[in-house]
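Numbering (the working numbering), first residue to last: 1236 to 1460.
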C-alpha cells in the first residue's frame, strides 16, 4: 500500500513543489543562486518564488560533479549561449544523470528505464503546458518519436520552447523535479512503483499499445544489486 501511494502521488508532488518541500523536507530541484526561498530553491537575488515562477529568467539544466544524483536548474547562463546549445547541454545533463544512476550502488538497469519513468511521472493531465491537458487532447499526445532518445529530446526541447515563448518556467521546473523523483524512486529500490511508471511512460509515448497487459521489456527490467 505504501508503494502504491507513492506512485499515485508522484506527479502531483511534482506539481505542488512548495508543499512537497515543506512536508518532506527534501530538495528535488535547486537553483545555483545565493538566495534561498522558503521552498528550498535557489532564486535570483531580489525575486520572490512567485516572481521567479513567471519570470523570463535564463535557465539551463545542469549536473554537478559534487551532486551527481540530481539535476539542477542554473540561472547562470552565458549571454552568448544559443538556444540550441542550451537545449543540447540540458539534454546531455539529463542523460548523464540517468547514466550515472543506472550504474549506482543501488541500481543495475538500462538508463532508458529512467527516461520512461520520467515520462510516466510527467505525462499526466495536471502537468503544466505543454505536457498536460484534457484527457481527449493531452499535450504529450503530440510526441511521435520512436526511441527513448527521441522522447528525452522531446521533453527537454518542449519545456524550453514554452519557456522561450515567455510562458513561464513551470515546464522546465517539473521536468527537473520528475527526473530527480524517478532517480530517487529507483534509489529506494521501489521496483513495483518504478515498473508501473516505466510501463505508463511506454504507453503514453506510444512505444507499446495502450490497451492490454504487458510484461516489462527485458532490456528495461530492473535488477537489484
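The beta-carbon is built from N, C-alpha and C at its ideal position, and this holds for glycine as well.
Proximity winner among the options, relative to residue i (alpha-carbon distances)
i	options	result
residue 1310	1417, 1408 and 1456	1408
residue 1351	1438, 1444, 1404 and 1340	1438
residue 1452	1405, 1445 and 1433	1433
residue 1370	1364, 1341, 1360 and 1345	1360
residue 1317	1338, 1295, 1402 and 1381	1295
residue 1314	1421, 1292, 1298 and 1297	1292
residue 1376	1358, 1392, 1383 and 1382	1358
residue 1345	1397, 1400 and 1383	1383
residue 1442	1347, 1397, 1321 and 1341	1347
residue 1342	1398, 1401 and 1420	1420
residue 1402	1365, 1378 and 1349	1365
residue 1428	1307, 1353 and 1308	1353
Where residue i falls, given that 16 or more other Cβ within 10 Å makes a residue buried
i	result
residue 1440	buried
residue 1423	exposed
residue 1446	exposed
residue 1319	exposed
residue 1305	buried
residue 1450	exposed
residue 1448	exposed
Inter-residue CB distance, residue i and residue j (contact presumed, cutoff 8 Å)
i	j	result
residue 1356	residue 1413	4 Å
residue 1435	residue 1457	Not quite, the Cβ-Cβ distance comes to about 15 Å (not below 8 Å), so this is no contact.
residue 1468	residue 1373	In this structure the chain extends from 1236 to 1460, so residue 1468 is not present and cannot be described.
residue 1418	residue 1394	About 18 Å; that fails the 8 Å criterion.
residue 1363	residue 1405	4 Å
residue 1312	residue 1321	7 Å
residue 1339	residue 1349	That belief does not hold up - the Cβ atoms of residue 1339 and residue 1349 are roughly 11 Å apart, past 8 Å.
Exercise for the section: Go through the segment 1354–1431 residue by residue and report every complete run of the beta strand (DSSP E) that reaches 3 residues or more, in order. Expected result: none
Exercise for the section: Would you be able to state if there are at least three C-beta pairs under 8 Å between the segment 1320–1333 and the segment 1370–1390? Expected result: yes
Exercise for the section: May I ask you to verify whether the segment 1330–1337 touches the segment 1414–1422, counting CB pairs closer than 8 Å and requiring at least 3? Expected result: yes
Handout entry: Ranges of the alpha helix (DSSP H) found wholly within the segment 1289–1357, counting only runs of at least 4
Key = 1318–1337 and 1347–1357
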